[in-house]
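Residue numbers (the working numbering): 278 to 800. All residues carry an ideal CB built from backbone N, CA and C; glycine is no exception. Quick notes on the structure that follows.
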Amino acid sequence: LSDSAAKVDGSAQYSADMRPAGLLFAAVCQSPILGATAISIDANEALALPGVHRLVAFDAMGGASAGFAVVGISTWHALRGVAAVKAQWQPGAAAAPDTRRIASALDAALDQDEGHVFYERGDAAKAQAKAARLISASYSAPYLAHATMEPTNCTARVHDGRVDIWAPTQVPQIARAIAAKVAGVDIDRVQLHLPFLGGGFGRRLEVDFVAQAVRVAMACEGRPVQLMASREEDMAHDFYRPMQVARLHAGVDADGTVSSLHIKSAGDAINPRWMERSMPALSLPVDMADKATAEGLYDLPYAIANQQMAHVPTRMQVPVGFWRSVGHSHNAFFSEAFIDELASETGKDPLALRRSLLRDAPRHLAVLNLAADKAQWDSLLPAGRARGIALHACFGSIVAQVAEVTLHDGQLRVHRVVCAIDCGSVVNPAIVAQQMEGAVVFALSAALYGRIDIHQGVVQQRNFNDYRVVGMAQAPFVETWIVDSDNPPGGVGEPGVPPLAPAVANALFLLTGRRQRALPLQG
278 LSDSAAKVDG SAQYSADMRP AGLLFAAVCQ SPILGATAIS IDANEALALP
328 GVHRLVAFDA MGGASAGFAV VGISTWHALR GVAAVKAQWQ PGAAAAPDTR
378 RIASALDAAL DQDEGHVFYE RGDAAKAQAK AARLISASYS APYLAHATME
428 PTNCTARVHD GRVDIWAPTQ VPQIARAIAA KVAGVDIDRV QLHLPFLGGG
478 FGRRLEVDFV AQAVRVAMAC EGRPVQLMAS REEDMAHDFY RPMQVARLHA
528 GVDADGTVSS LHIKSAGDAI NPRWMERSMP ALSLPVDMAD KATAEGLYDL
578 PYAIANQQMA HVPTRMQVPV GFWRSVGHSH NAFFSEAFID ELASETGKDP
628 LALRRSLLRD APRHLAVLNL AADKAQWDSL LPAGRARGIA LHACFGSIVA
678 QVAEVTLHDG QLRVHRVVCA IDCGSVVNPA IVAQQMEGAV VFALSAALYG
728 RIDIHQGVVQ QRNFNDYRVV GMAQAPFVET WIVDSDNPPG GVGEPGVPPL
778 APAVANALFL LTGRRQRALP LQG
């Protein structure tokens with residue numbers, strides 16, 4: 278943990294801390310309407326302000342929308358300059374995206390398209406037709422922003438045929454490639470300086486902010502420029518986790534055996550959209566069936582004899598990208614909340630049903646049992662408090678979580694989360710525990726509050742007042758228990774995210790008697 282001390286005492290250097298000699302500062306402004314372009318930019322008032330140097334307009338590049346940046350002697354001066362610019366924007370040819378319309382379109386896609394079958398075992402349709410009972414449910418998850426603690430930013434200098442970039446990036450080579458492309462130089466002429474990331478979560482797999490910074494630096498006569506997005510700009514021009522919907526059907530035989538499971542989901546593909554803007558030479562059809570979107574539904578560990586999982590890829594004109602745990606983040610909510618529904622509808626304990634369905638998955642069962650044991654699943658809780666459980670595997674690791682929840686005056690509160698993880702061989706257990714704690718808080722913010730709404734092309738959430746995150750006062754106590762394993766090492770940065778939402782939703786059902794099948798859970 279060699280970087281811990283620097284992060285605690287404030288000496289750690291993040292991208293926004295970079296101060297190369299002669300540094301100028303820039304604030305970026307893109308169209309407030311997704312897909313629009315500027316038809317006029319009046320910078321006269323902005324350029325008359327003290328401390329403002331110039332305005333630089335730019336076209337769409339590197340995934341970024343068209344827009345402009347104002348350059349000044351500080352970020353504050355640059356932001357003042359942006360506020361003084363009078364810009365007019367022309368909406369694109371396609372209809373401006375709207376989340377209400379998108380939700381309806383996704384439901385229609387489930388009705389009209391059979392989808393790409395990712396997994397099939399037995400004959401789900403035949404078993405479903407013969408079942409004594411059919412249990413069905415529809416689930417949905419909204420667009421989500423990354424809301425990284427440090428907004429997107431990059432420092433760039435273009436001088437003497439060389440480019441220097443100070444960029445908080447998760448893809449160093451792609452960042453260098455886009456810098457070279459924008460500046461018109463060979464990639465060997467690009468030097469990347471890599472500071473700490475002020476939060477990544479997939480947002481810094483994008484290189485839009487690198488392209489913008491280099492374009493602005495090209496207009497600044499060899500001086501370095503630090504381009505910063507305001508929180509509002511960052512929120513309105515993210516590459517969001519896609520909105521997703523799913524329909525699940527289970528056939529139950531007369532003896533209570535779950536004999537079939539049919540799942541069909543719909544939503545935008547992630548991989549081809551990301552490749553289209555970041556690696557265009559290798560890009561794939563943007564409407565192709567994408568495993569990253571369906572993952573976590575086509576590889577369930579449950580021993581149900583007849584299964585089919587299909588996904589309908591869509592394209593909804595909203596920029597989408599990777600978000601911590603990717604498709605698993607919503608698909609675990611769909612599948613694990615539905616497993617709880619099956620337990621309730623068949624009169625079984627949620628833990629007992631999972632145990633019976635994991636007879637062919639001993640590693641999963643061991644993780645589930647460890648979480649249940651450490652959470653004291655069978656012990657009584659005070660009145661008004663309930664436990665929910667969920668299990669999910671991704672990135673080579675298996676995680677089970679038990680959440681203890683209360684509901685008071687309409688406010689949902691998660692008090693305790695017990696995590697059990699099998700991530701193979703572990704070198705440093707403290708890091709595993711830290712990642713589980715961070716994942717729980719990150720996932721809880723999304724489960725309780727997270728949603729991005731778009732009306733007539735305009736993102737409605739702008740800052741943490743309307744895109745809430747869990748604060749210290751709302752953070753639960755998190756326990757992490759690690760399965761002793763000699764399996765190959767798995768991931769720990771992402772697997773703690775997916776089980777949290779269904780665990781909380783399953784506890785909420787015990788408190789209210791109502792299933793909440795749409796995220797977020799609060800409001």
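Sequence-distant residues of the same chain with beta carbon closer than 7 angstroms to M565, five excluded per side: A546, P549, P590
In terms of alpha-carbon separation, which member of A710, H330, A648 lies closest to E498? Each of A710, H330, A648 was checked against the Cα of E498, and the nearest Cα belongs to H330.
May I have the straight-line CA-CA distance separating A404 from S537, to the nearest angstrom? 6 angstroms
Near H514, what residues of its chain come up, given a Cβ to Cβ distance below 6 angstroms and the 5 sequence neighbours on each side ignored? Non-local C-beta neighbours of H514 in its own chain, meaning closer than 6 angstroms and more than five positions away in sequence, comprise Q307, ordered along the chain.
Taking 8 angstroms as the threshold (beta carbon to beta carbon), is Q447 in contact with chain D? Here chain D cannot be found, since the structure has a single protein chain.
Going by Cα to Cα distance, which pick from A304, S281, E618, G701 is closest to V535? Answer by Cα proximity: E618.
Looking at C-beta atoms only, is the number of pairs between the stretch 763-774 and the stretch 725-740 that lie closer than 8 angstroms three or more? no
Length at least 4, wholly inside the stretch 290-347: the alpha helix (DSSP H) runs in chain order: 321-324
Does the beta-carbon distance from A401 to H588 come in below 8 angstroms? no
Confirm, please, whether the CB-CB distance from L777 to A697 is below 8 angstroms. no
Residues near A506 in its chain [Cβ-Cβ closer than 8 angstroms; skip 5 each side]: For A506, where only same-chain residues beyond five positions count, the Cβ hits under 8 angstroms are A304, V305, P428, T429, N430, F486, H514.
According to the Cβ coordinates, are V491 and V529 closer than 8 angstroms? no
4-residue-minimum alpha helix (DSSP H) runs that sit fully inside the stretch 492-547, ordered along the chain: 508-513
For V755, count the other beta carbons within 10 Å of its own beta carbon; 16 or more makes it buried, fewer makes it exposed. Which is it? Buried is the call here.
From V484, R481, R453, residue whose alpha carbon lies closest to that of H470: R453
Same chain, Cβ closer than 6 angstroms to H436, five either side skipped, listed in chain order: G499
Taking the straight line between their C-alpha atoms, what separation do you get for H526 and V769? 31 angstroms
Confirm, please, whether the CB-CB distance from A782 to G673 is below 8 angstroms. no
Residue ranges of each beta strand (DSSP E) run of no fewer than 3 residues wholly in the stretch 633-677, ordered along the chain? 662-671
Thinking just about the alpha-carbon of each residue, which of T683, P419, G339, P797 is nearest to the one in L544? In the sequence as presented, Leu is not what sits at residue 544; that position holds Gly. That would be P419, whose Cα lies nearest to the Cα of G544.
Coil, strand or helix - M586 by DSSP: strand
Within the stretch 383-439, ranges of the beta strand (DSSP E) (whole runs, at least 3 residues): 393-398, 410-418, 430-436
Under the three-state reduction of DSSP, which class applies to T352: helix, strand or coil? In the three-state DSSP reduction, T352 falls in the helix class (H, G or I).
Tell me, please, which residues DSSP counts as bridged to D699. I675
Determine the direct distance from the alpha carbon of A677 to that of Q645, and round the result to whole angstroms. The amino acid occupying residue 645 in the given sequence is Leu; Gln does not appear at that position. C-alpha separation (whole angstroms): 5 angstroms.
Can you name the start and end residues of the alpha helix (DSSP H) that V718 belongs to? 706-725
Compute the Euclidean distance between the alpha carbons of D319 and W353, then round it to the nearest angstrom. 20 angstroms
Closer than 8 angstroms by C-beta to V563: which residues in its own chain qualify, once you throw out the five before and the five after it? Chain order, please. A546, P549, R550, E553, R592
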